[in-house]
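For the record, the sequence lines run as chains C and F. Residue numbering for the first sequence follows my numbering, beginning at 201 and increasing consecutively. Residue numbering for the second sequence follows my numbering, beginning at 1097 and increasing consecutively. Beta carbons are placed, not taken as given, at the ideal position from N, Cα and C, and that holds for glycine. Here is the structure we will look at.
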Amino acid sequence: MEFDFADEQPKLLMLMYGLVAFVVVVGGLLLLLDVVPAWFAKRREAQLVAASTSGTPLPRRPKQREGFFAFFFLLPTLLLLAVGLVVPAIRTMLLSLMDGSSTNWVGLRNYGWMFSDDSIVRVLINTLVWVVLVPLVATAFGLIYAVMVDKARFEAIAKSLIFLPMAISFVGASIIWKFVYAYRGEGDQIGLLNQIVVSLGGEPRQWLLESPLNTLLLIVIMVWIQAGFAMVVLSAAIKAIPGDIVEAARLDGVSPWQMFWQITMPSIRPALIVVAVTLTIATLKVFDIVRTSTNGNYDTSVIASEMYNQAFRYGQNGQGSALAVFLFILVIPVVIYQIRNLRQQREG
Amino acid sequence: MAVFTRPRHAFVIAGVLGLALSATACGTGDDKKSDKAGSAECAPYEKYQGNDGKKVSIYASIRDAEADLLERSWAQFTDCTGIEINYEGSGEFEAQLPVRVDGGNAPDIAFVPQPGLVKRFADAGKLKSLGADTKAMAEQNMPADWLKYGTVNGTLYGVPLGANVKSFVWYSPKTFKEKGWEVPTTWEQLITLSDKIADSGMKPWCAGVESGDATGWPATDWIEDVLLRTQTPDVYDQWTTHAIPFNDPRIIDAVDRAGTILKNDKYMNGGFGGVKSITTTSFQEAGVPVTNGKCAMHRQASFYANQFPEGTKVAEDGDAFAFYFPAIDPAKGKPVLGAGEFVVAYADRPEVQAVQTYLASGEYVNSRAKLGNWVTANNKLDIANVASPVDKLSVQILQDKSGVFRFDGSDLMPAAVGAGTFWKGMVDWLNGKATAPVLQGIESSWPK
């Protein structure tokens, strides 16, 4: 294969434009973020200096104007939230009460379909399995790892090893794991898992075809990605436990087991909740892994991927919207719990 | 907070540089004029002229190498008429097109490979019916069978463009010659040959239905091809229009017959594993073992010629070639299953109509065919412009007036079935589920 630069010139030029545009935009933003506050700070400084030299009290900013400023800064966010979130949410709810082509009202038929169609019930069960297992396993794994490597010799290296998968996109990770699960009927196995099975004297299997095992194997991918996140947050929380508490416990002669349950766990409880809630929401939305690995075939579909299929591929807007609304309802309690928790922490 | 003192200089320099570059970019390019308009080679395009400098956007699922050929195929048209065609191909075409149309961002023209989708847009009032010129051109050049698929409620919306023949079985003429096997011409011979090959230790068939988002479609082609052979074309039409249920006993019978090959461990799946490996083998890979002696036959459409490894001689005496998927009762004629895409328009500006008319013309189809790997049902196509032997065979079959032609059934059905439960159902079926419950599941998913 020859690579002719002259042939590729338009593409390379395009690439260069892209790079330059990126630098211009990002650089411009950084510049703005740097210059504008600096200018304000300088002005305020000058005012302060002027006030102190002349002996007059500093001019106070009127309260009303501050409120106006706050509103002015909030306005774009409010607008974007309305356009990007509130309006679509209301529209989706309305669409979920209409038929596939969004022309006739059908009442709650789409919701009835969701709970009566065998394949969709399967989807709901799968989602439940995901939501129960991923936060539980990923948090547990992250916690154990964080406790184990805490103050160990190669802590930084050990932590980066677990954290690395976080840098890979869900799609990339799924492709990697698809190779792990790959199957060859004849000849050498290219899949790691099957090669292990074969070298132990077993028969290669088509892992992703066997339900319900395949759902569990997909969950492994998500845990692989997210355990690093859990580990990092929990490790930081463990490090933040005040040294005197630990020392006092040591002096009282607690066992490592007691130390973990009596000191570490209560201290990092807020961090644990944040991790679990974040992972739960991420898991409810899981789409890329399923779509990349099995495309929802072999009984592995989850709500988000089925919603996409129904609405965008099969032209069943009503059914897709009903699934979306259901997903929305599932997320609400988690979010409420999270908000209440944050509030309690702030008060306490 | 003056962290960026040094980098700031870099940003400023980069910014100035970027502006300068984009300014020069705007200065050059984009002034194509039809200076050739009056020349002799532009004579056939005279009737499309008068829209100089206008732009027409086309959206389709054709990408990469084929898209390059597509853009080259209308190069002369754009030179001579001054109409600029902006082509965009997308792998997510089927999902994105409705989103774009509903979002008020419809392309001027789309190449839709599913008559079911054409109907959906026509019913929703989004499509423009064909202009008088385009309609006349289409009716003159295209077989009535094909026009029927672009017609919704008596109005012609889609002009057929490319076509492919699906009723082909790929094999290796070299291997067949070495082993002394004959190309079968009846279903019985096909089965006898399969048994003979299986007994010789080679797997007679290979198949693969993995196709990313569209996993399962190659299996639906199998069912459709077999149904056309076990039943009359009328039953086929009733099935695709849901006049008979999806799990009618005649359909179950056809699926079971396809299963005697597809779900037969003795026959399947050359080089890939057991029957279950069909669902995880990509359709692009599936037929390749034909060329290395791991399997003998692979039922797939004419376009599969492009999938063989580089250096494979695709010819009647080469490494790979195709024979007609045999009829069960030759007395009933030779049914042909095929597919193709339809040119539909979301705008009716004069330049859009000009492009649409041109795409239905003999000039266009011959210009595209000369670039290779392309077939159409358009009868203005000169077979001398078709180079590949398989394409030649396809054109002969498509232009055969006595042949019974039927369009790919899953493309005719509503997307929820044709691109949804039918594909999924086939995957479950190949994965071990019995015929009746699979078809029952598909039947119950048919949109009411």
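Q: Identify the contact partners of residue 1296 (chain F) in chain C, using a Cβ-Cβ distance below 7 Å as the criterion.
A: In chain order: nothing, as chain C lies at least about 17 Å away.
**Q.** Contact set for residue 389 (chain C): own chain, Cβ-Cβ below 6 Å, skip 5 residues either direction
**A.** 395, 398, 404
**Q.** Start and end residues, alpha helix (DSSP H) containing residue 1404 (chain F)
**A.** Unbroken run through residue 1404 (chain F): none, as it is neither H nor E.
Q: Report the rounded CA-to-CA distance for residue 1282 (chain F) versus residue 367 (chain C), giving the unit in angstroms.
A: 57 Å
Q. Going along chain F, which residues have a C-beta under 9 Å from residue 386 (chain C)?
A. 1367, 1368, 1369, 1390
Q: Could you tell me the distance, in whole angstroms, from the CA atom of residue 340 (chain C) to the CA atom of residue 480 (chain C)?
A: 14 Å
Q. For residue 1372 (chain F), which residues in chain C fall below 7 Å Cβ to Cβ?
A. 406, 409
**Q.** Simplified DSSP state of residue 1274 (chain F), which is helix, strand or coil
**A.** helix
(Q) Just to confirm the assignment: which complete alpha helix (DSSP H) runs, minimum length 4, are found wholly within the segment 1185–1210 of chain F? (A) 1189–1198
Q: Determine the burial state of residue 1086 (chain F): buried for a count of at least 16 other Cβ atoms within 10 Å of its Cβ, exposed for fewer.
A: One cannot answer for residue 1086 (chain F) here, as it falls past the ends of chain F, which runs 1097 to 1544.
Q. What residues of chain F sit near residue 497 (chain C), judged by a beta carbon separation below 7 Å?
A. 1311, 1520, 1523
Q.
Could you pull the DSSP bridge partners for residue 1546 (chain F) from this structure?
A. Given a span of 1097 to 1544 for chain F in the structure shown, any question on residue 1546 (chain F) remains unanswerable.
Q. For residue 286 (chain C), which option in C:525, C:369, C:514, C:351 has the closest C-alpha, if you only look at C-alpha atoms?
A. C:525
Q) Hey, residue 1315 (chain F) and residue 1509 (chain F): beta-carbon distance below 7 Å or not? A) no
Q: Compute the distance between the beta-carbons of residue 1153 (chain F) and residue 1204 (chain F), then report whether it is under 7 Å.
A: yes
Q) To the nearest whole angstrom, what separates the beta carbons of residue 382 (chain C) and residue 372 (chain C), a pair I think is in contact under 8 Å? A) No, residue 382 (chain C) and residue 372 (chain C) are not in contact; Cβ-Cβ is about 16 Å, not under 8 Å.
Q) Residues in the segment 1171–1202 of chain F with C-beta within 9 Å of chain C's C-beta atoms, listed in sequence order? A) 1188, 1190, 1191, 1192, 1194, 1195, 1198
(Q) For residue 1312 (chain F) and residue 1447 (chain F), I'd like the C-alpha separation in whole angstroms. (A) 39 Å
Q.
Is there a Cβ of chain C sitting closer than 7 Å to that of residue 1258 (chain F), yes or no?
A. no
Q | Secondary structure of residue 1526 (chain F), DSSP reduced to three states | A | helix
Q.
If I follow the unbroken alpha helix (DSSP H) through residue 422 (chain C), where does it start and stop?
A. 413–439
(Q) Counting only Cβ pairs nearer than 7 Å, list the residues of chain C close to residue 1216 (chain F). (A) 515
Q | Coarse secondary structure for residue 205 (chain C), derived from DSSP in three states | A | coil
Q.
Assuming residue 1283 (chain F) is part of the alpha helix (DSSP H), what are its boundary residues?
A. 1283–1295
(Q) Quick check on the DSSP output: the alpha helix (DSSP H) that includes residue 370 (chain C) runs from which residue to which? (A) 370–380
Q: Output, in chain order, the set of chain F residues within a Cβ distance shorter than 7 Å of residue 521 (chain C).
A: Ordered by position in chain F, no residue passes the 7 Å Cβ test against residue 521 (chain C), which lies about 13 Å from the chain.
Q. In the DSSP assignment, what residue or residues form a beta bridge with residue 1217 (chain F)?
A. None, per the DSSP bridge assignment.
Q: Output, in sequence order along the chain, the residues in the segment 369–380 of chain C whose CB is closer than 8 Å to any CB in chain F.
A: none
Q | Per-residue DSSP class, three states only, for residue 210 (chain C) | A | helix
Q: Just confirm the distance between the C-beta atoms of residue 1358 (chain F) and residue 1374 (chain F), as a whole number of angstroms; I'd bet it's less than 8 Å.
A: 7 Å
Q | Classification of residue 1263 (chain F) by the beta-carbon crowding that lies within 10 angstroms, buried from 16 upward | A | buried
Q. Mind checking whether residue 330 (chain C) and residue 483 (chain C) have CB atoms under 7 Å apart?
A. yes
Q: Decide if residue 359 (chain C) is buried, meaning its Cβ has at least 16 other Cβ atoms within 10 Å, or exposed.
A: buried
(Q) Between F:1524, F:1529, F:1513, which has its C-alpha nearest residue 1539 (chain F)'s C-alpha? (A) F:1513
Q. Are three or more beta carbon pairs between the segment 1222–1237 of chain F and the segment 1456–1465 of chain F nearer than 8 Å?
A. yes
Q.
Tell me which residues share the same chain as residue 1416 (chain F) and place their Cβ nearer than 7 Å to its Cβ, disregarding the 5 neighbours each side in the sequence.
A. 1266, 1268, 1386, 1387, 1404, 1408, 1410
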